[in-house]
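So for the sequence shown, the working numbering puts the first residue at 2; every next one is plus one.
Ideal Cβ placement from N, Cα and C applies to all residues, glycine included.
Everything numeric in this text was worked out from a predicted model, so none of it was measured.
Heads up: the structure comes next, in structure tokens.
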Amino acid sequence: SWRWAVGIFTLGGIAVAIASLTVLNTAGASRPQTTGDAAPPFPYGALACLAVSVVLIATAGVDIALLRSSLLLCLGLVGLALFIRIDALKPRSRLFPSNLFSWRFPVGAGMTMVAAFSVATCSFGIYGPLLLTTLHDIPLLTSGYIIAAESISWSILSILVANAPPERERSIILVGALMIAFGIAGFAYTIPAGSIPLILLCALLQGGGFGVAWPFLTRIIVASAAPDEQTIASAAVPTMQRIGYAVGAAIAGIIANASGFSEGLNRDAAASVASWLYLAFIPLGVFGCLAAMRIFSTANRPRLAAG
Numbered sequence: 002s003w004r005w006a007v008g009i010f011t012l013g014g015i016a017v018a019i020a021s022l023t024v025l026n027t028a029g030a031s032r033p034q035t036t037g038d039a040a041p042p043f044p045y046g047a048l049a050c051l052a053v054s055v056v057l058i059a060t061a062g063v064d065i066a067l068l069r070s071s072l073l074l075c076l077g078l079v080g081l082a083l084f085i086r087i088d089a090l091k092p093r094s095r096l097f098p099s100n101l102f103s104w105r106f107p108v109g110a111g112m113t114m115v116a117a118f119s120v121a122t123c124s125f126g127i128y129g130p131l132l133l134t135t136l137h138d139i140p141l142l143t144s145g146y147i148i149a150a151e152s153i154s155w156s157i158l159s160i161l162v163a164n165a166p167p168e169r170e171r172s173i174i175l176v177g178a179l180m181i182a183f184g185i186a187g188f189a190y191t192i193p194a195g196s197i198p199l200i201l202l203c204a205l206l207q208g209g210g211f212g213v214a215w216p217f218l219t220r221i222i223v224a225s226a227a228p229d230e231q232t233i234a235s236a237a238v239p240t241m242q243r244i245g246y247a248v249g250a251a252i253a254g255i256i257a258n259a260s261g262f263s264e265g266l267n268r269d270a271a272a273s274v275a276s277w278l279y280l281a282f283i284p285l286g287v288f289g290c291l292a293a294m295r296i297f298s299t300a301n302r303p304r305l306a307a308g
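Quick look at the structure:
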């Protein structure tokens with residue numbers, strides 16, 4: 002059942018927490034630092050602002066009401082902007098590099114691409130199996146295989162392009178972005194239609210697009226950051242992905258509930274959700290491609306941000 006599936010993931014999270022605690026209590030992890038520099042302060046304020054913002058966005062999708070939901074959504078978006086501002090004001094504990102979303106710099110265009118595609122692509126993994134089962138009686142195991150194929154295509158294509166020459170990196174990033182965007186747009190047709198081969202193709206495009214683009218995108222973001230921020234930039238890519246997934250899941254919940262899921266799970270509601278859920282994220286896919294095109298035109302100046 003769905004409850005057992007969630008329970009298994011909960012047990013997995015507990016296991017990871019125990020393993021992390023064990024590692025942190027080892028002699029090497031608890032040894033004092035030999036350098037004289039004090040450890041940077043933990044960004045409690047920024048993370049608290051981020052958590053509240055995501056909760057506000059998610060709450061906007063519960064019991065949809067025009068005024069209430071719009072207000073909560075706007076407050077959540079303002080909170081995200083405040084989170085970015087607070088992070089920028091704390092140089093010793095910041096989570097993201099300078100020029101975070103500035104398209105004048107490759108690092109800004111790259112982080113924009115990461116954010117856009119992370120938000121836009123999470124809806125298939127969240128609602129795809131449920132919609133396919135409700136609309137077309139496709140077994141959950143089949144949906145699981147499709148999601149697994151998406152992950153496998155990410156890994157395989159990432160390996161295949163790993164040795165590409167540096168002069169082709171920008172082109173590969175753009176191709177990957179287009180693959181992701183076509184996958185997002187394809188789901189808007191294939192999920193309501195219920196064609197397993199076409200759904201699989203869209204999943205392979207989406208996963209494969211990440212696989213070919215992400216290694217080079219990460220390298221360009223790190224190389225484009227200021228020398229004293231390159232470690233921050235390296236960690237910022239997965240951090241932005243997780244934030245994007247959280248925000249994307251909250252927005253997907255709003256769209257799903259507004260399209261009919263709030264009234265109960267049935268075939269008519271699923272048909273409405275399947276149409277709107279994926280159409281709504283196509284603009285973000287296009288926005289991600291525009292960011293990739295900007296990288297294509299600026300990545301040949303990887304040190305611009307450092308100046």
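Exercise for review: Would you kindly work out how many angstroms separate the C-alpha atoms of A306 and T219, rounded to a whole number?
Suggested key: A caution first: A306 carries a pLDDT of 40, below 50, which makes its placement in the model too unreliable to give a value.
Check your understanding: In chain order, what residues of the same chain lie with their CB nearer than 8 angstroms to the CB of P303, ignoring the 5 residues before and after it?
Key -> Unreliable positioning characterises P303 in this predicted model, as indicated by a pLDDT of 44, which lies under 50. The coordinate reading is nonetheless provided below. Result list for P303: P107, I221, A224 and S225, in chain order.
**Study point:** For Y45 and P284, the rounded distance between their alpha carbons
**Key:** Their backbone Cα atoms lie some 33 angstroms apart in a straight line.
Check your understanding: Expressed to the nearest angstrom, what Euclidean distance is found between the alpha-carbon atoms of A66 and L266?
Key -> So the alpha carbons of these two residues sit roughly 19 angstroms apart.
Point to revise | Burial state of T23, where buried means 16 or more other Cβ atoms lie within 10 Å | key: Answer is exposed; the Cβ neighbour count stays below 16.
Review point. For P41, which three-state DSSP category applies?
Key: Shown here, P41 sits in coil according to DSSP, grouped into three states, outside any helix or strand.
Practice item. Could you tell me whether the Cβ atoms of G261 and A117 are closer together than 7 angstroms? Key: For the 7 angstroms CB-CB criterion, G261 and A117 do not form a contact.
Check your understanding: Between which two residues does the alpha helix (DSSP H) harbouring D269 extend?
Key -> Following the DSSP letters along the chain, one finds D269 inside the alpha helix (DSSP H) bounded by residues R268 to L280.
Point to revise | Close beta carbons around A18, own chain, < 7 angstroms, minus the five adjacent residues each side | key: The answer is none, since no qualifying residue turns up.
Check your understanding: For S154, is the classification buried or exposed, using 16 other Cβ atoms within 10 angstroms of its Cβ as the cut-off for buried?
Key -> By the neighbour-count rule (16 or more Cβ atoms within 10 Å), S154 is buried.
Check your understanding: Is DSSP giving P167 helix, strand or coil here?
Key -> Helix at P167.
Practice item. Could you tell me which uninterrupted alpha helix (DSSP H) segments, each at least 4 residues in length, are contained entirely in the region 209-271, listed from first to last along the chain? Key: DSSP runs (the alpha helix (DSSP H)) wholly in the region 209-271: 231-259.
Check your understanding: In chain order, what residues of the same chain lie with their CB nearer than 6 angstroms to the CB of G187, ignoring the 5 residues before and after it?
Key -> Non-local C-beta neighbours of G187 in its own chain, meaning closer than 6 angstroms and more than five positions away in sequence, comprise C203, ordered along the chain.
Review point. For L96 versus D88, is the C-beta distance shorter than 7 angstroms?
Key: Contact: yes.
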